[in-house]
Amino acid sequence: MLKDFFNTLVKVIHLRSIIGYNGLVFALRKTPVIGKLIPDRLYSTAFLKIIYWVIHVVAEVCKLFAGKIFGLGMIYLISFFLKTEYLEYNMASGVSGSALYAGFALSLFVVYALYGILLNIPVFRCTPEKEYLVFMIRMNPRKLNNTLFIYDLAKLVIGYQIAGIVAVVTGCPFWVWLGIPVLAVFIKLFGTGVLAFSYRIKNDHHKPLKSSALGMVFKIVTVILSAPVVLMFIANGHYVPLHIALIVCAVHILLGIRGLSVLMKFDAGLHRRALRDNIVKYEELIHKEPDKTKSFKRLKAKGSVKGNKKGFEYLNALFVKRHSGMLMVKPIAFAVFVLVLLGLLIAEFIYGYYHQFGGDNCIRMVMNNLLNIILFKCYDDPLLPFEMTSVASFFRWLVQYHLLGLVVLISGTDNSGKSTQAMYINCDNSLMTFSFFKQRDKIIKLFDIRLKQLIKINIIPALAFALAANLILFYTGGQDYPFQYLATFVVASSLSIIYSTIWLSLYYLFQPYTTSVNVKGGMYKVVSVITAIVFMILFFIPCNSLILAGILAVFTVFFVLLMRKAVYKHAPETWKLKV
Amino acid sequence: MEFVINHLVKNYGSKKVLKDVDFVFGEGKIYGLLGRNGSGKTTFFNCINGDIDTTSGSFYLRENSDSKEIIPLLPEDIGYLVSTPTVPEFMTGREFLKFFIEVHEEVTPDRTIDEYFDYMMIPEDDRDRLLKDYSHGTKNKMQMLLNIIASPRLVLLDEPLTSLDVVIAEEMKKVIRSQKQGRITIFSTHLLDVAVDLCDEIVLLHNGRLEPIDKNELNDNDFKIKIIEALKDQDDA
Chain A
50 MLKDFFNTLV
60 KVIHLRSIIG
70 YNGLVFALRK
80 TPVIGKLIPD
90 RLYSTAFLKI
100 IYWVIHVVAE
110 VCKLFAGKIF
120 GLGMIYLISF
130 FLKTEYLEYN
140 MASGVSGSAL
150 YAGFALSLFV
160 VYALYGILLN
170 IPVFRCTPEK
180 EYLVFMIRMN
190 PRKLNNTLFI
200 YDLAKLVIGY
210 QIAGIVAVVT
220 GCPFWVWLGI
230 PVLAVFIKLF
240 GTGVLAFSYR
250 IKNDHHKPLK
260 SSALGMVFKI
270 VTVILSAPVV
280 LMFIANGHYV
290 PLHIALIVCA
300 VHILLGIRGL
310 SVLMKFDAGL
320 HRRALRDNIV
330 KYEELIHKEP
340 DKTKSFKRLK
350 AKGSVKGNKK
360 GFEYLNALFV
370 KRHSGMLMVK
380 PIAFAVFVLV
390 LLGLLIAEFI
400 YGYYHQFGGD
410 NCIRMVMNNL
420 LNIILFKCYD
430 DPLLPFEMTS
440 VASFFRWLVQ
450 YHLLGLVVLI
460 SGTDNSGKST
470 QAMYINCDNS
480 LMTFSFFKQR
490 DKIIKLFDIR
500 LKQLIKINII
510 PALAFALAAN
520 LILFYTGGQD
530 YPFQYLATFV
540 VASSLSIIYS
550 TIWLSLYYLF
560 QPYTTSVNVK
570 GGMYKVVSVI
580 TAIVFMILFF
590 IPCNSLILAG
600 ILAVFTVFFV
610 LLMRKAVYKH
620 APETWKLKV
Chain B
11 MEFVINHLVK
21 NYGSKKVLKD
31 VDFVFGEGKI
41 YGLLGRNGSG
51 KTTFFNCING
61 DIDTTSGSFY
71 LRENSDSKEI
81 IPLLPEDIGY
91 LVSTPTVPEF
101 MTGREFLKFF
111 IEVHEEVTPD
121 RTIDEYFDYM
131 MIPEDDRDRL
141 LKDYSHGTKN
151 KMQMLLNIIA
161 SPRLVLLDEP
171 LTSLDVVIAE
181 EMKKVIRSQK
191 QGRITIFSTH
201 LLDVAVDLCD
211 EIVLLHNGRL
221 EPIDKNELND
231 NDFKIKIIEA
241 LKDQDDA
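This is the structure we're talking about:
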């Protein structure tokens with residue numbers, strides 16, 4: 050039986066190390082630049098496998114001790130500290146130091162162990178090596194789970210015994226040091242037994258053998274709410290007398306025995322079902338490209354295109370209609386958020402005037418300044434001279450000289466990246482197999498339509514930011530020169546147009562996406578990083594808004610035409626499936 | 011009309027997938043491109059369709075074998091039916107067909123949209139459903155229908171019958187046969203019987219080269235065995 054146990058264990062650990070090694074090589078091969086230098090034969094290099102095996106064993110040993118020594122070591126240290134404090138301040142009269150230490154150590158450990166079993170019971174979690182062994186090699190799942198469970202319990206006992214060094218050093222009674230690892234085993238048996246029992250009931254009711262999301266929330270809330278209670282209990286000078294702690298431990302030992310009997314009756318079929326329902330999607334995360342297309346597939350055949358749209362106009366209108374949530378929610382949510390914030394600030398400002406000067410003066414002031422805005426005049430407030438605070442002057446300085454910094458906000462709200470992904474995964478990915486889609490004139494036709502659409506979507510939050518910038522200007526003394534308000538809108542719009550153009554052009558010129566919407570193109574990544582760096586540098590360039598608006602307006606037209614020309618020239622060769 | 015391939019080579023790093031493809035395909039025939047899994051059939055089609063770059067070699071159209079004038083193969087000359095059909099998932103079948111006809115201004119449709127659906131035996135209740143909800147077979151039929159409407163000179167069919175049920179496979183075969191006149195059809199498959207049943211000519215893609223086979227000899231069981239033995243030799247692409 051012992052031989053059987055070791056054979057199974059060796060198989061699991063060996064498989065775990067193979068999966069880990071292959072996962073590491075795969076991840077390295079996927080790394081840009083380095084990946085191309087790593088050959089396929091690395092998967093079969095025996096020498097490196099041995100090195101990885103050694104690292105794996107060391108890591109296993111570290112995992113074995115690190116957490117346990119830290120957790121239990123901390124409990125011993127806290128117990129020692131509390132014992133010292135309670136004795137010094139005479140908070141537990143008539144109780145010996147060792148009894149106090151033991152009471153604290155046992156009661157804290159029970160709470161700690163119960164939290165552990167509430168949040169983490171890995172017995173039925175189906176890791177990749179379990180999946181291969183049970184579902185492909187058809188190993189007996191009960192034997193596998195029990196072997197790993199016993200291995201875990203053994204690790205628990207050894208780890209906790211080693212953590213006992215802290216107990217010995219801090220003067221913990223000997224029997225506590227020896228007893229806590231045994232108690233840990235029984236509490237783990239109890240927790241696992243409860244889980245097995247609940248799975249058996251779920252199985253009887255034909256429900257999946259896994260924890261529900263609601264159950265998990267309940268457990269987390271229990272932990273979060275009970276932790277302060279425990280802390281308050283101790284902070285108020287209370288303690289659990291040793292005999293009560295011992296009774297609690299005895300109850301847990303009995304519950305552990307009961308848990309063991311439940312586990313003994315948990316047959317192979319139930320183990321198999323539990324594993325099947327708790328498969329960890331490690332394979333997809335490590336060995337394969339994660340499929341990011343799920344969020345793009347929530348489509349419904351609702352609505353149709355109104356008007357007389359045809360061809361690519363029709364395609365685009367339908368695309369926007371069916372992806373409206375994906376494309377519009379983010380920019381509109383940001384715009385609404387900014388506008389609501391501004392509305393509240395304005396309301397607060399007006400209320401301040403109203404409160405101080407009454408309705409007539411307030412209305413006069415608001416109307417007067419509204420007229421000023423429309424006529425691009427300066428801020429005029431005869432009622433109350435503006436008092437410039439340091440914060441207000443900082444924001445004014447930003448709006449006066451660093452409007453280019455709006456690009457940071459615009460890049461945060463821009464939805465072009467997600468839009469091009471949606472275009473690729475739900476539309477272009479399939480249409481690229483058709484020859485008409487690769488014809489130069491058709492490519493540019495669709496590019497123009499899409500660019501207009503992206504600009505329309507992304508300019509909404511950009512204009513909201515421009516409005517916010519103008520209000521900062523307005524409330525901190527008004528514009529410095531005529532048309533400064535207008536310049537702010539021009540700058541924000543231009544930056545947004547440039548941003549949308551860049552992302553759509555990059556998509557057409559580098560087409561970086563795979564069928565799982567992962568970015569594969571190295572050049573695309575490089576250009577994206579350079580673009581981000583350039584935009585960050587822009588933030589620090591001081592510039593007069595009016596001059597900036599003039600330059601940007603011309604540059605935007607020039608830039609859009611240039612990118613359009615580049616797409617027209619190169620996209621028939623570059624805008625294609627990543628085969 | 012002929013489709014000429016001149017010493018086409020495609021390497022992936024040190025791996026030589028297409029070593030020297032040199033062949034002439036004629037109009038009005040269905041060519042069965044027969045090869046083992048991984049022999050490079052899809053790579054060959056992807057090269058012709060311009061989805062991947064070739065390492066060397068060229069391909070073009072010409073009027074006939076005497077003609078010296080080279081007619082470049084343009085994207086609009088190619089119809090490509092991929093083995094795993096992909097369709098724009100956000101559209102219904104009807105919407106997609108409407109769009110497809112509108113963008114092909116040069117083609118005058120000879121049927122209404124519903125008549126096209128009827129021709130391809132696409133059920134009525136599927137026509138206004140999103141394409142993402144179509145079965146594999148119906149997606150395949152949609153792709154075939156679009157190729158019929160676009161009427162390309164060269165049709166590449168990459169294992170179109172794989173994983174279709176027997177009824178849809180027969181319907182597809184019927185459509186493919188009915189569409190062969192006036193164009194060059196290359197049909198890839200790894201199934202010898204399908205190639206024999208459907209195709210006028212059989213071409214073996216073997217060790218990165220194309221080799222014609224006399225279809226009549228395929229009735230001889232020994233010859234079949236010889237082909238299978240030959241295919242066993244291949245270095246996997």
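First to last, the protein sequences are chains A and B. Position 536 of the first sequence, counted from 1, bears residue number 585 in our numbering, the numbering being contiguous throughout. Position 26 of the second sequence, counted from 1, bears residue number 36 in our numbering, the numbering being contiguous throughout. Cβ atoms here follow ideal geometry from the backbone N, Cα and C, with glycine treated the same way.
Neighbour-count burial assignment, residue i, 16 or more Cβ in a 10 Å radius
i: Asp61(B); result: buried
i: Tyr400(A); result: exposed
i: Gln533(A); result: buried
i: Gly352(A); result: exposed
i: Gly220(A); result: exposed
i: Ala382(A); result: exposed
i: Pro162(B); result: buried
i: Glu137(A); result: exposed
i: Ala294(A); result: buried
i: Phe435(A); result: Here Phe435(A) scores only 48 on pLDDT, less than 50, and its place in the model should not be relied on; the value that follows carries that caveat. Exposed.
Neighbouring residues, chain A, relative to residue i (Cβ below 7 angstroms)
i: Glu105(B); result: Leu367
Chain A contact residues for residue i, given Cβ-Cβ distances below 9 angstroms
i: Gly89(B); result: Phe483, Ser484
i: Ala160(B); result: Phe483, Ser484, Phe485
i: Lys142(B); result: Lys346, Leu348, Asn475
Beta-carbon spacing of residue i, residue j below 9 angstroms
i: Glu99(B); j: Leu141(B); result: yes
i: Leu97(A); j: Arg78(A); result: no
i: Leu83(B); j: Phe13(B); result: yes
i: Lys625(A); j: Lys487(A); result: yes
i: Asn59(B); j: Leu220(B); result: no
i: Tyr556(A); j: Met612(A); result: no
i: Ser545(A); j: Asn507(A); result: yes
i: Lys190(B); j: Ile40(B); result: yes
9 angstroms Cβ cutoff, residue i in contact with chain A
i: Glu86(B); result: yes
i: Asp135(B); result: no
i: Thr195(B); result: no
i: Lys242(B); result: no
i: Leu156(B); result: yes
i: Leu18(B); result: no
i: Gln189(B); result: no
i: Asp246(B); result: Confidence in Asp246(B) is poor, its pLDDT being 46 and thus under 50, which makes the residue's placement too unreliable to answer from.
Closer than 8 angstroms at the beta carbon, the chain A residues around residue i
i: Phe100(B); result: Leu348, Leu367, Phe368, Arg371, His372, Asn475, Cys476
i: Val27(B); result: What Val27(B) touches in chain A: nothing, since even the nearest Cβ is about 12 angstroms away.
i: Val92(B); result: Thr482
Neighbour flag for residue i against chain B, beta carbons, 9 angstroms
i: Leu393(A); result: no
i: Gln560(A); result: no
i: Gln488(A); result: yes
i: Leu86(A); result: no
i: Leu91(A); result: no
i: Ser353(A); result: yes
i: Pro277(A); result: no
i: Pro531(A); result: no
i: Pro257(A); result: no
i: Pro177(A); result: no
i: Pro621(A); result: yes
Under 7 angstroms from the C-beta of residue i: neighbouring residues of chain B
i: Leu364(A); result: Phe109
i: Ser479(A); result: Thr96, Val97, Pro98
Partner residues on chain B for residue i, Cβ-Cβ distance less than 8 angstroms
i: Lys359(A); result: Glu112
Any non-hydrogen atom of the ligand FAD closer than 8 angstroms to residue i Cβ
i: Leu91(B); result: As for the ligand FAD, it is missing from this structure, which has no ligand bound.
Fill in: Interface positions of the stretch 491-508 of chain A facing chain B (Cβ-Cβ less than 8 angstroms), listed along the chain
Within the stretch 491-508 of chain A, the residues whose Cβ lies closer than 8 angstroms to some Cβ of chain B are Lys491, listed in chain order.
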